[in-house]
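Offset between the sequence shown (1-based) and this note's numbering: plus 3.
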Amino acid sequence: MNQLQALHVKALSRAMLLTSYLPPPLLRHRLKTHTTVIHQLDKALAKLGIGQLTAQEVKSACYLRGLNSTHIGEDRCRTWLGEWLQISCSLKEAELSLLLHNVVLLSTN
4 MNQLQALHVK
14 ALSRAMLLTS
24 YLPPPLLRHR
34 LKTHTTVIHQ
44 LDKALAKLGI
54 GQLTAQEVKS
64 ACYLRGLNST
74 HIGEDRCRTW
84 LGEWLQISCS
94 LKEAELSLLL
104 HNVVLLSTN
């Protein structure tokens, strides 16, 4: 993530629904922290199972991962979250920047 240019870091911040109006070093730190937290939550959620979540919890989980689920149905959110978890739980610590790109990759038809 340290090799990403400032415009790329700002774009990823916006994609993850984080503020992008900070200096690039702070954005990088914030993205790293956000990604690490999400990765840990993903591991816990994978153990729990998506089926245990209410509709609102699924939408909140999607939103936390950068998907604005306001106009997306619950079934589609569960599918998206399942795809996200499949990718996230297979990543190692050094590969976590892929999570930042996941929101774009998984949201494209």
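Ideal placement from N, C-alpha and C gives every residue a C-beta, glycine not left out.
Contact between Leu-84 and Val-61 is confirmed by a C-beta separation of about 6 angstroms, below the 8 angstroms threshold. At least 8 angstroms separates the beta-carbon of Ala-58 from that of Glu-86. Taking all protein chains in view, the Cβ of Ala-97 is surrounded by fewer than 16 other Cβ atoms within 10 Å, so the residue is classified as exposed. By a beta-carbon distance limit of 8 angstroms, Val-107 does not contact Met-19. Their separation comes to about 10 angstroms. Following the DSSP letters along the chain, one finds Pro-28 inside the alpha helix (DSSP H) bounded by residues 27 to 51.
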